[in-house]
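Data block below; observations after.
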Amino acid sequence: MKTFAEARSRFSLPGLTIMDRYLASELVLPFLFGVAAFASIGMAIGSLFELVRLISENGLPLTTALQVFLLRMPQIITYTFPMSVLFATLLAYGRLSGDLEITALQASGVSILRVVVPTLLLSVIVSVITFFFNEVVVPTANQEASTTLARAIGGGDRPRFTKDNILYPEYNWVPGKAGEREYALIRLFYARRYSDGIMYGLTILDYSQENLNQVITADSAYFDPKTDAWRFRNGTSYLIGNDGTYRNILQFQEQQVKISEDPLKFAQEVRRPEEMTTVELRRYIELAQNARQEIRGLLVSLYQKYAIPSVCFAFALVGAPLGLRRQRTSNALGLGLSILIIFSYYIFLFIAQALGQTGVLPPWLGAWLPALITMAVGAYLLWRANQ
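Going by the numbering used here, the letters in the sequence shown line up with residues 10 to 396, in that order.
Okay, structure coming up:
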């Protein structure tokens, strides 16, 4: 009959030794403690004070405040994952080093690089979990939190989303004067206001021919998905000749106009980047780029969706060699050192983000630079510790 140890070994991951499982077990509890501690701090600073203010000033119901509080929690928790990896690595390796267990492993022929493999593997797993949370859970929860809060403060069954001064230029490939195709403006769509699926105060300039050939103004319009066209109401259509004069002026009560749905999609997108998945954010960036809008900030946000999860691995690289110093790291010291490193990282993150948004750095570098530099510093510290 097989023993329990033999049965358990059958289900162990291939390549994992007893040392790996022992080191991993030393990391799990500090990691969970870090998530709880940092999440408590983050929720208190980032959400609790605001909700208390809304309860006292706007009469926000306590049940709604609790619902918004819980919906905002996934984003705060994902922020704590990199911090908790750093805290757990500092604490676990600090204890092992202080109790001379690392020295015993080295005396047995185990290198420092081999000792840190478990924390690097766990950090990769946490990075994947962080990306999954940011991609699947966080956007939905953030959007629901914003909708719930807007509904409670604004009243009604659902919030009214409005946007003013929608300007959407539409570009396409057209025959050029030299016979070559060129990317040019074919239509300029302007609406004074958008509210609940309806555009108000519209002006459409049509450049689909060589010059401006038609102008349409209307009091309101909505997009009809059944006919894949816009329905303009109470407007005037001006046909313009090649000499710039009006050839025909037509007033209408309702008119169907074949224009793409892109202006509506552009107007409807009221979500922040953290309320979108990477696919949704890419689609919005494409719309904004077609409208000749500034997209550097959006690109930085897109690249950060990939860069920020990798910080878990970067912090593991930094935390392991710092924890391997031959002195015991207490909970208070580990927490304090973690906060210092995290504070320094986020200062650098905000600076790099601003440089990426203003064009000083390419957007991808503005998003990735803090993580890459942290990894480089961690790799150097690990190399020094292995000497």
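We put the CB at the ideal spot given by N, CA and C, even for glycine.
May I ask you to report which of helix, strand or coil DSSP gives Ile134?
For the purposes of this step, residue 134 is identified with residue 125 of the sequence shown, where counting begins at 1. Here Ile134 sits in helix by DSSP.
Ser136 beta carbon near the ligand ATP (any heavy atom closer than 7 Å):
In terms of ligand content, the structure shown is empty, and the ligand ATP therefore cannot be addressed.
Suppose the cutoff is 7 Å on Cβ atoms and the five residues either side in sequence are ignored; what does the same chain contact list for Tyr312 look like?
If you number the sequence shown from 1, residue 312 lands on position 303. Same-chain partners within the cutoff: Pro372, Trp373, Ala376 and Trp377.
Can you find the residues in the same chain that come closer than 6 Å, C-beta to C-beta, to Leu129, ignoring five residues on each side of it along the sequence?
Residue numbering aside, residue 129 sits at position 120 when the sequence shown is read from its first letter. Cβ within range, chain order: Ala325.
Any chance you could list the beta strand (DSSP E) runs of at least 3 consecutive residues sitting entirely within the stretch 204-254, in chain order?
207-215, 223-233 and 238-249
Considering only their Cβ atoms, is the gap separating Thr89 from Gly43 smaller than 8 Å?
The residue given as residue 43 occupies position 34 in the sequence shown. The residue given as residue 89 occupies position 80 in the sequence shown. Yes, they are a contact pair.
Report yes if the CB atom of Ser106 is closer than 8 Å to the CB atom of Phe40, and no otherwise.
Position 97 of the sequence shown, counted from the first residue, corresponds to residue 106. Position 31 of the sequence shown, counted from the first residue, corresponds to residue 40. Going by C-beta atoms, Ser106 is not nearer than 8 Å to Phe40.
Three-pair Cβ contact test at 8 Å for the stretch 264-284 versus the stretch 232-242:
yes
Answer yes or no: do Asn151 and Gln84 have a C-beta to C-beta separation smaller than 8 Å?
On the sequence shown, residue 151 is found 142 positions in, with the first residue counted as 1. On the sequence shown, residue 84 is found 75 positions in, with the first residue counted as 1. Yes. Within cutoff.
Below 8 Å between beta carbons: does that hold for Gly244 and Phe261?
Counting from one through the sequence shown, the residue named residue 244 turns up at place 235. Counting from one through the sequence shown, the residue named residue 261 turns up at place 252. Taking 8 Å as the Cβ cut-off, Gly244 and Phe261 qualify as a contacting pair.
In its own chain, which residues sit with a C-beta less than 7 Å from the C-beta of Pro272, not counting the 5 before and 5 after it?
Your numbering for residue 272 matches position 263 in the sequence shown. So the qualifying residues of the chain are Ile175, Tyr177 and Phe198.
Short Cβ contact (8 Å threshold) for Thr87 with Phe47:
Position 78 of the sequence shown, counted from the start, is the residue given in the question as residue 87. Position 38 of the sequence shown, counted from the start, is the residue given in the question as residue 47. No; because the gap between Cβ atoms is not below 8 Å, this pair is not in contact.
Own chain partners of Arg301 with C-beta closer than 6 Å, once the 5 adjacent residues on each side are dropped
Position 292 of the sequence shown holds residue 301. Here the set comprises Pro178.
Just verifying my parser: in three-state terms, what is the DSSP assignment at Asp108?
Start at 1 with the first residue of the sequence shown, and residue 108 comes out as number 99. It is coil, neither helix nor strand.
Phe178 - DSSP class collapsed to helix/strand/coil
For this step, residue 178 is matched to residue 169 along the sequence shown. With the sequence shown as reference, residue 178 is identified as Pro, and Phe is not the correct amino acid for it. Reduced to three states, the DSSP call for Pro178 is strand.
DSSP on Pro371, reduced to helix/strand/coil?
Here residue 371 is taken as the residue at index 362 of the sequence shown, counted from 1. In this structure, Pro371 counts as coil in the three-state DSSP scheme.
For the candidate residues Pro318, Leu358, Ile134 and Ala97, whose alpha-carbon lies nearest to that of Leu32?
Here residue 32 refers to the residue found at position 23 when the sequence shown is read from its first residue. Leu32 has its Cα closest to that of Ala97, out of Pro318, Leu358, Ile134 and Ala97.
Does the beta-carbon of Lys235 have 16 or more other beta-carbons within 10 angstroms, so that it is buried, or is it exposed?
As a first step, residue 235 is located in the sequence shown; it is residue number 226 there, counting from the start. That one is exposed.
Taking 8 Å as the cut-off, decide whether the C-beta atoms of Ile195 and Ile213 are in contact.
Sequence index remark: in the sequence shown, residue 195 carries index 186 (1-based). Sequence index remark: in the sequence shown, residue 213 carries index 204 (1-based). Not in contact: Ile195 and Ile213 (Cβ atoms no closer than 8 Å).
Taking the alpha carbon of Ser136 as the reference point, which residue from Leu331, Phe322 and Ala394 has its own alpha carbon closest?
Stepping through the sequence shown from its first residue, residue 136 is reached at position 127. Nearest option by C-alpha distance: Phe322.
What does DSSP give as the partner residue(s) for Asn257 in the beta ladder?
Residue numbering aside, residue 257 sits at position 248 when the sequence shown is read from its first letter. In DSSP, Asn257 forms a bridge with Leu248.
Is the beta carbon of Leu25 less than 8 Å from the beta carbon of Leu131?
One-based indexing of the sequence shown puts residue 25 at position 16. One-based indexing of the sequence shown puts residue 131 at position 122. No, these two residues do not count as a Cβ contact at 8 Å.
Using a threshold of 8 Å, state whether the C-beta atoms of Arg305 and Gly368 are closer than that.
For the purposes of this step, residue 305 is taken as residue 296 along the sequence shown, with counting starting at 1. For the purposes of this step, residue 368 is taken as residue 359 along the sequence shown, with counting starting at 1. A contact, by the Cβ cut-off of 8 Å.
Those residues which DSSP pairs with Asp173 across a bridge
Your numbering for residue 173 matches position 164 in the sequence shown. In DSSP, Asp173 forms a bridge with Arg202.
Please identify the residue among Asn299, Leu381, Thr287 and Tyr389 whose C-alpha is closest to the C-alpha of Ser319.
Numbered from 1 along the sequence shown, position 310 holds the residue referred to as residue 319. Closest by alpha carbon: Leu381.
In chain order, what residues of the same chain lie with their CB nearer than 7 Å to the CB of Val133, ignoring the 5 residues before and after it?
Here residue 133 refers to the residue found at position 124 of the sequence shown. Excluding residues within five positions, the ones whose Cβ falls inside 7 Å are Phe322.
Do Leu80 and Glu153 come within 8 Å of each other at the CB atom, strictly closer than that value?
Indexing the sequence shown from 1 puts residue 153 at position 144. Indexing the sequence shown from 1 puts residue 80 at position 71. For Glu153 and Leu80, yes; Cβs fall inside 8 Å.
Between the CA atoms of Pro379 and Ile138 - distance to the nearest angstrom:
The residue labelled residue 138 in the question sits at position 129 within the sequence shown. The residue labelled residue 379 in the question sits at position 370 within the sequence shown. Straight-line Cα distance between these residues: approximately 20 Å.
Would you kindly work out how many angstroms separate the C-alpha atoms of Ala388 and Leu122, rounded to a whole number?
Taking the first residue of the sequence shown as 1, we reach residue 388 at position 379. Taking the first residue of the sequence shown as 1, we reach residue 122 at position 113. Approximately 10 Å between the Cα atoms of the pair.
What would DSSP say about Arg301, mapped onto helix, strand or coil?
Within the sequence shown, the letter at position 292 stands for residue 301. Residue state, collapsed to three classes: coil.
So Met285 is in the alpha helix (DSSP H); what residue range does that whole segment cover?
Mapped onto the sequence shown, residue 285 falls at position 276. Counting along the chain, Met285 falls outside any alpha helix (DSSP H), and DSSP gives it neither H nor E.
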